[in-house]
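Here's the structure, in structure tokens; my notes come after.
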Amino acid sequence: AASLKAPLAATAAEAQIRYKSAIIDGVEVAYREAGRENAPAIVLLHGFPTSSHMYRTLIPALADKYRVIAPDYPGFGQSAAPDRADFNYTFEAYATLMLALTEKLGVSRYALYVMDYGAPVGFRMAARHPERVSALIVQN
1 AASLKAPLAA TAAEAQIRYK SAIIDGVEVA YREAGRENAP AIVLLHGFPT SSHMYRTLIP
61 ALADKYRVIA PDYPGFGQSA APDRADFNYT FEAYATLMLA LTEKLGVSRY ALYVMDYGAP
121 VGFRMAARHP ERVSALIVQN
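Each residue of the sequence shown is one higher than the last, beginning at 1 in our numbering.
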């Protein structure tokens, strides 16, 4: 029984969600992360009017096999909400920030899970860098 507990403990530790933020182009972008850093990556892009919080039960379910990254767009969740004079709240601007976040985190290839607002953000990311996208998961 002891040999069964060790792998489960390691898996549970890897599935623990880490709450982080990064400064991207002067904007603080909050994100949830789980899983091993060297595992295949999956980026969960949230919808409106929610945040990465919508993936709170999905993240641990994926973290045993994937490096899961679930960012909050500016103006959502725990990310900063810059003044509209300082930040252009468009899908294009969100896509630019999300691409920069993946670069900052050293993630050069990833699956994109998109729904609602995440679709126009993720599709822009994929159109700009199709070589980085290993899969598209689209929720209707």
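Note that beta-carbon positions come from the ideal geometry of N, C-alpha and C, so glycine has one too.
Cα atoms of I69 and T90: separation of roughly 21 angstroms, rounded to the nearest angstrom. Under the criterion of beta carbons closer than 8 angstroms, A119 and V138 qualify as touching, at roughly 7 angstroms. Sixteen is the threshold: since fewer than 16 other Cβ atoms of the shown chains lie within 10 Å of the Cβ of H53, the residue is exposed. Restricting attention to S108, E37, R84 and D83, the CA atom closest to the CA of A63 is found in E37.
Following the DSSP letters along the chain, one finds I59 inside the alpha helix (DSSP H) bounded by residues L58 to L62. Counting C-beta pairs closer than 8 angstroms gives three or more between the region 87-102 and the region 111-125, which meets the contact rule.
Assigned with DSSP and collapsed to three states, Y117 falls in coil, not helix or strand.
Apart from the 5 residues on each side of it in sequence, L105 sits with its Cβ closer than 7 angstroms to the Cβ of I69 in its chain, given in chain order.
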